[in-house]
Every structure is written in C-alpha cells, then in structure tokens.
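For reference, the structure discussed in these notes is given below.
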Amino acid sequence: MKDEGLSRVVSYTSTEGIGYRSAVSEILFHVAIHGGYHRGQIASETRDNGREPLKTDFVIFTRE
C-alpha cells in the first residue's frame, strides 16, 4: 500500500452505533496489536486456573 492509502481517512460505525473516522494506518495498527491484548487475557486466565498457557508468539509458529 502506498503512503496515500495509509493516510486515507475512512468513516465507520461502531457496534454501539457511534460514528467514527480513522486513518487506515491507525486501523491497521489496531488490528496488528489488538490480538495480543486478548492473548494476554487468555494467558492470565489460564494461569489463574493453575495451568501453563501455550506459547502464542508469531515467531514460534514461523519456526514450526
């Protein structure tokens, strides 16, 4: 994607019905990091239940 595409602003509506505008670069950044947030939540819950969570880092999958 060219720089112009990354800086393009798009409009969208949240699941709560609220309208927003964000640059494509901001949306892509959110998509890239948001999964890590949930993986951390799952790992924490797993440890709270006395188990060791699985490795979820992308680099581990590329080594297999």
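Residue 50 is where the sequence shown starts when you use the working numbering, and the numbers rise one by one after that. The C-beta atom is built at its ideal place from N, Cα and C for all residues, glycine as well. As the structure is a computational prediction, the values presented were derived from the model and not from experiment.
Beta carbon of residue i, beta carbon of residue j: below 8 Å?
| i | j | result |
| --- | --- | --- |
| residue 70 | residue 80 | no |
| residue 68 | residue 60 | yes |
In terms of residues, what are the limits of the beta strand (DSSP E) holding residue i?
| i | result |
| --- | --- |
| residue 100 | Where residue 100 is concerned, there is no enclosing beta strand (DSSP E), given that its DSSP letter is neither H nor E. |
So residue i is in the alpha helix (DSSP H); what residue range does that whole segment cover?
| i | result |
| --- | --- |
| residue 64 | Note, residue 64: premise wrong, no alpha helix (DSSP H); not H, not E. |
| residue 111 | 107 to 112 |
By the three-class DSSP mapping on this structure, what secondary structure does residue i have?
| i | result |
| --- | --- |
| residue 57 | coil |
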